[in-house]
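**Q** To start, I am sharing the structure in question, which I have written as structure tokens.
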Amino acid sequence: MYLLDNYWIHFAVFTVVIIAFVLTMVMGFIYIERRFLGFIQIRMGPNRTGPFGLLQPVADAIKVLLKEDIIPAKGDKLVFWLAPLVAFVPVFMIFAVVPFQRGALLADLNVGILYVVAVSSIIAVGVFMAGWSSNNKYSLVGAMRDVAQLVSYEIPLGLAILSVVLLAGSLSLTRIVEAQSIPFILLQPLGFLIFFIAALAEVNRTPFDLLEADSEIVAGFNIEYSGMKFAMFFLTEYCEALVLSALVTTLFLGGWRGPLLPPFLWFIIKVVAVFMFVAWIRATIPRLRIDQVMGFAWKGLLPLALINLLITALEVLVWKGTLPWLVIFLNIAIMAVLILFWSRFSRLGGGRVEV
Amino acid sequence: MLADFGLVALFLIVAIIFAVSTILIPVTLKYIRVVPKKPSAAKSSTYECGMTTIGKTWVQFNFRYYFYALLFVALDVLVLFLYPWAVGLRDLGLFAFVGMLIFIAIVIVGYIYAWRKRVLEWQ
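Protein chains in written order, with the numbering used here: chain R, 1 to 355; chain A, 1 to 123.
Here it is as structure tokens:
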């Protein structure tokens, strides 16, 4: 089942691989995001440190390591220290089940995707601990927003994942990739949209980055953090973006599958492509307001995800085994009709809200 | 299968060691005087854009997300029940589909009630 037979060698090799993968990809993502955003906004981005500014993440890491460690006098010190760990460890744990290619993953759990959903919701606890222990009003408001947002978007996220599980007939990420002779983004376009939007909200990327809205609550939950502890939250954020890209790749874009190039290279190419799309969204769409965010999850995404799930279940029952190509056009038509209908039906309040 | 969960548990230990050691690097650097340590009252006070904080942070306040949290519990349990159903639907057939339809309908009645009661609105 695995590439390496020996249990301990397998564990040692893949632990090192995962740590190396996460750290290099996060550094790459930080560079890509800043450089790519720079080009979108017609400026250079980081270009002084090393060739093309490639060493910028390294410089940032050294800077953050040498910063003074400031702990707020009125804060809860133990929780303040624990919060970055509680936030970082679960997001790191998710990579244990992400398959880089067939057999090349740490643990091929048969409940893979359920494990991902379960572990990823612990991150909110870390964020809330940070916001609460700082004893700062801005950070508390930011943390409250994060919990509310995570709670709201977890349901559409779960339902969108379920429609993939229905098609694949398994919770194991390896099996889900193996079931994608047609990438699920074609068979499941509405599911993909819902998953992508909900996952963006779960990892607090830009249209939903209310918990660190710089213009209203300065930096949100990590306002009192400095030095390495701040870097841990920064790392957590980019690890979450990496998880998002890896999950979109695995669930919808066919994972490691692809012609000519070796499988793990395809995986990395797809992950980077998805991340660049996320960075593009950051450059394009402005931040939403908290009531719009909540309303969009409960009135927009949740009913759509439920309808999509039931339609997918019917399709699976009608065509047992693999679905034919015809379904692609059917599903895209269904998606267009549903989105048009629902955007008329559910109005999210624009303009001012009286509080 | 248990061996796979063993791998995950071992990885958890590695992840905790990794995170703790990362966070302890500046602490050790502080002892060899690479990282500065010059605390002052202003530096460790609560940051509020230069203003002095008024009152406490840990107070009771109107928590608008309360109803969302209640609804979340009901619907998240629904999603959890759907996972085994989704894995086995191909073998279970139409009977399971209709059964789950009834189950979803029961939960959705509560959801529609909440919507009609304007719980989902920011008020």
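All C-beta atoms in this analysis are idealised placements derived from N, C-alpha and C, irrespective of residue type, glycine included.
Taking only the alpha-carbon atoms, compute the straight-line gap between residue 226 of chain R and residue 84 of chain R and give it to the nearest angstrom.
**A** Roughly 11 Å separates the two Cα atoms.
**Q** Runs of 4 residues minimum, wholly inside the region 98 to 143 of chain R: which ones carry the alpha helix (DSSP H) assignment?
**A** 112 to 120 and 123 to 133
**Q** Between R:236, R:149 and R:35, which has its C-alpha nearest residue 90 of chain R's C-alpha?
**A** R:236
**Q** Taking 8 Å as the cut-off, does the region 301 to 319 of chain R touch the region 82 to 90 of chain A (at least 3 CB pairs, one atom from each stretch)?
**A** Contact between the region 82 to 90 of chain A and the region 301 to 319 of chain R is present: 3 or more CB-CB pairs across the two stretches fall below 8 Å.
**Q** Skipping 5 residues on each side, what residues in its chain have a beta carbon closer than 7 Å to that of residue 196 of chain R?
**A** Correct list, in chain order: 248.
**Q** Can you tell me which of the three DSSP states residue 179 of chain A falls into?
**A** What is shown of chain A runs 1 to 123, which leaves residue 179 of chain A out entirely.
**Q** Mind checking residue 293 of chain R: buried by the 16 CB within 10 Å criterion, or exposed?
**A** Residue 293 of chain R sits buried, since 16 or more C-beta atoms from the chains shown fall within 10 Å of its C-beta.
**Q** If you run the structure through DSSP and keep just helix, strand and coil, what is residue 119 of chain A?
**A** coil
**Q** If the criterion is Cβ atoms closer than 8 Å, does the pair residue 88 of chain R and residue 19 of chain A meet it?
**A** Going by C-beta atoms, residue 88 of chain R is nearer than 8 Å to residue 19 of chain A.
**Q** Distance, Cα to Cα, residue 50 of chain A vs residue 2 of chain A?
**A** 55 Å
**Q** What distance in whole Å lies between the Cβ atoms of residue 10 of chain A and residue 11 of chain R, which are believed to be in contact at a cut-off of 8 Å?
**A** 6 Å
**Q** Leaving out the 5 sequence neighbours to the left and right, which residues in its chain are closer than 8 Å to residue 13 of chain R when beta-carbon positions are compared?
**A** 4
**Q** Who are the neighbours of residue 82 of chain A on chain R, taking C-beta pairs under 7 Å?
**A** 162
**Q** Quick one: grab the DSSP three-state call for residue 109 of chain A.
**A** DSSP places residue 109 of chain A in the helix class (H, G or I) of the three-state scheme.
**Q** On the CB-based measure, 16 or more other CB atoms within 10 Å of its CB, does residue 45 of chain A come out buried or exposed?
**A** exposed
**Q** With a CB to CB cut of under 6 Å and the five nearest residues on each side skipped, what residues in its chain are close to residue 246 of chain R?
**A** 98 and 271
**Q** Please list the partners that residue 407 of chain R has in chain A, where partner means a Cβ-to-Cβ separation under 8 Å.
**A** The question about residue 407 of chain R has no answer, for chain R in this structure spans 1 to 355.
**Q** Does residue 60 of chain R come out as helix, strand or coil in the three-state DSSP assignment?
**A** Residue 60 of chain R: helix per DSSP, three-state reduction.
**Q** Report the three-state DSSP secondary structure of residue 342 of chain R (helix, strand or coil).
**A** helix
**Q** According to DSSP, simplified to helix, strand and coil, what is residue 158 of chain R?
**A** helix
**Q** By the three-class DSSP mapping on this structure, what secondary structure does residue 300 of chain R have?
**A** helix
**Q** Any idea what DSSP makes of residue 47 of chain A, helix, strand or coil?
**A** It is coil, neither helix nor strand.
**Q** Output the boundary residues of the alpha helix (DSSP H) element that contains residue 175 of chain R.
**A** Residue 175 of chain R -> alpha helix (DSSP H) spans 173 to 178.
**Q** Within 10 Å of its beta-carbon, does residue 120 of chain R have 16 or more other beta-carbons around it, so buried, or fewer, so exposed?
**A** buried
**Q** Measuring only the C-alpha atoms, how far is residue 180 of chain R from residue 187 of chain R?
**A** 10 Å
**Q** What are the start and end residues of each continuous alpha helix (DSSP H) run of 4 or more residues lying completely inside the region 258 to 298 of chain R, in chain order?
**A** 263 to 284 and 290 to 295
**Q** Are the C-beta of residue 44 of chain A and some C-beta of chain R separated by less than 8 Å?
**A** At least one C-beta of chain R is nearer than 8 Å to the C-beta of residue 44 of chain A.
**Q** Is residue 133 of chain R close to chain A? Criterion is C-beta to C-beta, closer than 8 Å.
**A** No, its Cβ sits nowhere closer than 8 Å to a Cβ of chain A.
**Q** Using a C-beta cutoff of 8 Å, does residue 118 of chain A count as contacting chain R?
**A** No, residue 118 of chain A does not count as interfacial toward chain R.
**Q** Could you give the DSSP three-state label for residue 58 of chain A: helix, strand or coil?
**A** coil
**Q** Give the residues of chain A in contact with residue 7 of chain R, contact being defined as C-beta atoms less than 9 Å apart.
**A** Simply 3, 6 and 7.
**Q** Given residue 39 of chain R, which residues of its chain have a CB within under 8 Å of its CB, disregarding the five upstream and five downstream residues?
**A** 45
**Q** In terms of alpha-carbon separation, which member of A:106, A:116, A:25 and A:74 lies closest to residue 62 of chain R?
**A** A:25
**Q** Would you mind sorting residue 133 of chain R into buried or exposed? The rule is 16 or more other CB atoms within 10 Å of its CB.
**A** buried
**Q** Where does residue 35 of chain R land, buried or exposed, given buried means 16+ other C-beta within 10 angstroms?
**A** buried
**Q** Name the chain A residues whose beta carbon is nearer than 7 Å to that of residue 300 of chain R?
**A** Near residue 300 of chain R there are no residues of chain A at all, since even the closest Cβ is about 11 Å away, more than 7 Å.
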